[in-house]
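Peer 1: Below are the structure tokens for one structure; questions will follow.
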Amino acid sequence: MASADIVVGGVEGGQPYLQDYFTDENRVLKRDPQQDYHLEYAMENSTHTILAFSRELHTCDTNDKSITESTVRVIWAYHHKDMGEAGQNYHGSNRGTKSLRLLNPEREEVSSASLPYFDLTNKDVPVPDKDTTYWCQMFKIPVQHEKHHVTKVEPLIQKGHENLVHHILLYQCSSNLNDSVLDYGHECYHPNMPDSFLTCETVIFAWAIGGEGFTYPPHVGLSIGTAADPLFVLMEVHYDNPSFTEGLIDNSGLRLIYTPVLRKYDAGVIEAGLWVSLFHNIPPGMPEFVSEGHCTLECLEEALGAERPAGIQVFAVLLHAHLAGRAIRMRHFHNGEEQDLLAYDDEFDFNFQEFQYLKEERTILPGDNLVTECHYNTVDRIRMTWGGLSTRNEMCLSYLLYYPRINLTRCASIPDIMEQLQFIGVKEIYRPVRTWPFIIKSPKQYKNLSFMDAMNKFKWSRSEGLSYNQLVLKLPVNVRCSKTDNAEWSIQGMTALPPEIERPYKTEPVICSSSSCLNCCSFLILLCIVYITASTIGNTESFV
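Counting from 1, one number per residue, gives the positions in the sequence shown under full-length UniProt numbering.
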């Protein structure tokens, strides 16, 4: 891998060694003049080589990568022979990669081995040979008549379908349904889908590609079994099939582990960010374009003021975008002053999206603002990128896990489309609007074109794209503020302005010494274990 930060180590003749290396832009392995990795522990036997080593989070060495709370793409490789004077031996096929967060806060795990569970899984779903499919299936929660708490949710992804299943959302549906809705699944967002699907608007859990199981904190659980809890749920599975593979049959889903021993608080989920629509759009050829979705102070003032004036406690956040996404930040404002970032990932990986546990729970109060800020790269695209369901479309969303549960399910925004169209010279559209996307009336060069065609016809340059981005970030937004069962807070549909930032947040300067502190320590210790079968080992093995 080009421009990688690498540590090479092993045990040779009973003596451990560890060295700091890097690769240049041509993937040439070089020894780093500044040795920043330190061996903490080493052990080797006939089957394993184990190394533990540490490094400062910020070394200020241009050949090292700073270690932050963002996603890190970790590469690994090994050879059964140690590195000799001739240099490192080629690893061949003994290599791999994994995206993870090295600084994701540790969470207290409670053993779930003896706890009951139930599975919500699709049954032999025929995945169409098309780019994007959203499949919906209704389920009935088997735990009824007595309150329980779900303590952990695990993905059950069919083997070999790890790249096919992009995300899974679980929605609470109307409790007035009956068992007749359980007979079959159907494609979501389809004109012929069952009407019962329309009653399922409240997200109660979200999982995305690359993520693992989620364990709730010891004092919080997802409530099931009471009249206020979900009885019928809709599981939405997003299948991503860009190669149009035929004959795929899927049985993926979720496992919910629960307990009769109740926790102190019921968990809730708020979907925040940009309402998924064509009004969210990104010009082509842009090395960076920023979109913002607003959970406005007006929505939080009304919902929290009515249900929880003391505020809610956020304990985890899932940041969600698609293929053009490069970085996502959840910003938090209180009385015009920007707080520490609620969550962020400056190295967003489309194939690794999971809930981030917060180091400390964050209180959200009535009148606060939450802004989901998404950074995109469309350099390789020649047409507009639109907000939408396909992974080739885009999203800009945050899913907030919090307690205690209140009646607020979505807190989002839609930017004003007419001012966007005025940027490219649109003067008038046909009214009343009878078609979607709506049609432009003037000027002549756009006459009778849909607004999507007009945006694609416009000659986008990087300077035009930058000016457009600056405009969009200042536009008024339409407020989306939803309750359960398709109900709305009164602020829904009203127009609001982006927050006025009186005191923006200032990040602390990076300190390249033991005095720097991130996640309560300034260095990271990693443990690496290599297992090599008896058929390949000699007396010593090395880890790269």
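Think of the CB as a built atom: it goes at the ideal place given N, C-alpha and C, for glycine as much as any other residue.
On the three-pair Cβ rule with 8 Å, is the segment 333-341 touching the segment 396-404?
Peer 2: They do not touch, by the three-pair rule.
Peer 1: If you compare alpha carbons, which of Pro218, Cys481, Pro498 and Lys483 is closest to Val472?
Peer 2: Within the sequence shown, the letter at position 472 stands for residue 472. It is Pro498.
Peer 1: Is the Cβ-Cβ distance between Val314 and Arg362 less than 7 Å?
Peer 2: Position 314 of the sequence shown, counted from the start, is the residue given in the question as residue 314. Position 362 of the sequence shown, counted from the start, is the residue given in the question as residue 362. Contact: yes.
Peer 1: Since Ser467 is in the alpha helix (DSSP H), which residue starts that stretch and which ends it?
Peer 2: As a working mapping, residue 467 is identified with position 467 in the sequence shown. Residues Arg462 to Val472.
Peer 1: Along the chain, where does the alpha helix (DSSP H) that runs through Ala454 open and close?
Peer 2: Locating residue 454 in the sequence shown gives position 454, where the first residue counts as 1. Phe451 to Lys457 is the extent of the alpha helix (DSSP H) around Ala454.
Peer 1: Count the other CB atoms, across all protein chains shown, that sit within 10 Å of the CB of Leu262; report buried if there are 16 or more and exposed otherwise.
Peer 2: One-based indexing of the sequence shown puts residue 262 at position 262. Exposed.
Peer 1: Taking 6 Å as the limit between beta carbons, can you name the residues of its chain near Lys147, skipping five residues before and five after?
Peer 2: Residue numbering aside, residue 147 sits at position 147 when the sequence shown is read from its first letter. Taken in chain order, the residues that qualify are Gly225 and Thr226.
Peer 1: Can you name, in chain order, every residue of its own chain whose Cβ lies under 6 Å from the Cβ of Ile382, other than the five neighbours on each side?
Peer 2: The residue given as residue 382 occupies position 382 in the sequence shown. Taken in chain order, the residues that qualify are Pro284.
Peer 1: Can you tell me whether DSSP reads Val203 as helix, strand or coil?
Peer 2: As a first step, residue 203 is located in the sequence shown; it is residue number 203 there, counting from the start. Of the three classes helix, strand and coil, the one that applies to Val203 here is strand, per DSSP.
Peer 1: Would you call the CB atoms of Ala487 and Trp275 closer than 7 Å?
Peer 2: What you label residue 487 is simply residue 487 of the sequence shown in a count that begins at 1. What you label residue 275 is simply residue 275 of the sequence shown in a count that begins at 1. No, Cβ-Cβ distance for Ala487 and Trp275 is not below 7 Å.
Peer 1: Return the residue from the list Gly387, Ile414, Asp5 and Pro16 that minimises the CA-CA distance to Ala42.
Peer 2: In the sequence shown, the residue the question calls residue 42 occupies position 42. Among Gly387, Ile414, Asp5 and Pro16, the Cα nearest to that of Ala42 is on Pro16.
Peer 1: From residue 578 to Leu248, what does the alpha carbon distance come to, in whole angstroms?
Peer 2: Residue 578 lies beyond the range of the chain shown here (1 to 544); nothing can be said about it.
Peer 1: State the start and end residues of the unbroken beta strand (DSSP E) segment that holds residue 550.
Peer 2: Missing from the structure shown is residue 550; the chain here goes from 1 to 544 and no further.
Peer 1: Considering Cα atoms alone, identify which of Gln353, Leu323, Leu256 and Pro217 is closest to Lys359.
Peer 2: The residue labelled residue 359 in the question sits at position 359 within the sequence shown. It is Pro217.
Peer 1: Suppose the cutoff is 6 Å on Cβ atoms and the five residues either side in sequence are ignored; what does the same chain contact list for Arg308 look like?
Peer 2: Stepping through the sequence shown from its first residue, residue 308 is reached at position 308. Here the set comprises Ile406.
Peer 1: Return the residue from the list Gly305, His80 and Ala2 that minimises the CA-CA distance to Thr47.
Peer 2: In the sequence shown, the residue the question calls residue 47 occupies position 47. For Thr47, the nearest C-alpha among the options comes from His80.
Peer 1: Go ahead and pull the three-state DSSP assignment for Glu298.
Peer 2: Indexing the sequence shown from 1 puts residue 298 at position 298. If DSSP states are grouped into helix, strand and coil, Glu298 belongs with the helices.
Peer 1: On the CB-based measure, 16 or more other CB atoms within 10 Å of its CB, does Gly10 come out buried or exposed?
Peer 2: Taking the first residue of the sequence shown as position 1, residue 10 is located at position 10. Gly10 is buried by the Cβ-count criterion.
Peer 1: Ser390 and Thr133: beta carbons closer than 7 Å?
Peer 2: Translated into the one-based positions of the sequence shown, residue 390 becomes position 390. Translated into the one-based positions of the sequence shown, residue 133 becomes position 133. No, the pair does not count as a contact, with Cβ atoms beyond the cut-off.
Peer 1: Note down, in chain order, each residue of its chain lying with its Cβ closer than 6 Å to the Cβ of residue 545, except the 5 sequence neighbours on either side.
Peer 2: No statement about residue 545 is possible, as the shown extent of the chain runs from 1 to 544 and does not include it.
Peer 1: Tell me the residue span of the alpha helix (DSSP H) that contains Glu419.
Peer 2: Sequence index remark: in the sequence shown, residue 419 carries index 419 (1-based). Taken as a continuous stretch (DSSP letters only), the alpha helix (DSSP H) holding Glu419 covers Ile417 to Phe423.
Peer 1: With DSSP as the reference, label Gln19 as helix, strand or coil.
Peer 2: Reading the sequence shown from its first residue, position 19 is the one you call residue 19. Residue state, collapsed to three classes: strand.
Peer 1: Rounding to the nearest angstrom, what Cα-Cα distance links Leu222 and Ser243 in this structure?
Peer 2: Taking the sequence shown and counting its residues from 1, the one referred to as residue 222 is at position 222. Taking the sequence shown and counting its residues from 1, the one referred to as residue 243 is at position 243. Using only the alpha carbons, I get a separation of about 37 Å.
Peer 1: I need the DSSP call for Asn539, collapsed to helix, strand or coil.
Peer 2: In the sequence shown, the residue the question calls residue 539 occupies position 539. With a pLDDT of 39 at Asn539, under the threshold of 50, the modelled position of that residue is not reliable, and the figure given next carries that caveat. Asn539 falls in the coil class under three-state DSSP.
Peer 1: In the structure shown, what three-state DSSP assignment does Gly9 receive?
Peer 2: Here residue 9 corresponds to residue number 9 of the sequence shown, with the count starting at 1. Correct three-state label for Gly9: strand.
Peer 1: When you compare only the Cα positions, how much space is there between Thr62 and Met452?
Peer 2: As a working mapping, residue 62 is identified with position 62 in the sequence shown. As a working mapping, residue 452 is identified with position 452 in the sequence shown. Approximately 44 Å, taken between the alpha carbons.
Peer 1: Given 8 Å as the limit, is there contact between the segment 422-431 and the segment 477-494, that is, 3 or more CB pairs closer than that?
Peer 2: As far as the Cβ criterion goes, the segment 422-431 does not touch the segment 477-494, which means the pair count is below three.
Peer 1: Could you please give the first and the last residue of the uninterrupted beta strand (DSSP E) stretch that includes Ser442?
Peer 2: Residue 442 sits at position 442 when you count from the first residue of the sequence shown. Ile440 to Ser442 is the span of the beta strand (DSSP E), which, as asked, contains Ser442.
Peer 1: Between which two residues does the beta strand (DSSP E) carrying Gln144 extend?
Peer 2: Working through the sequence shown from its first residue, we reach residue 144 at position 144. Note, Gln144: premise wrong, no beta strand (DSSP E); not H, not E.
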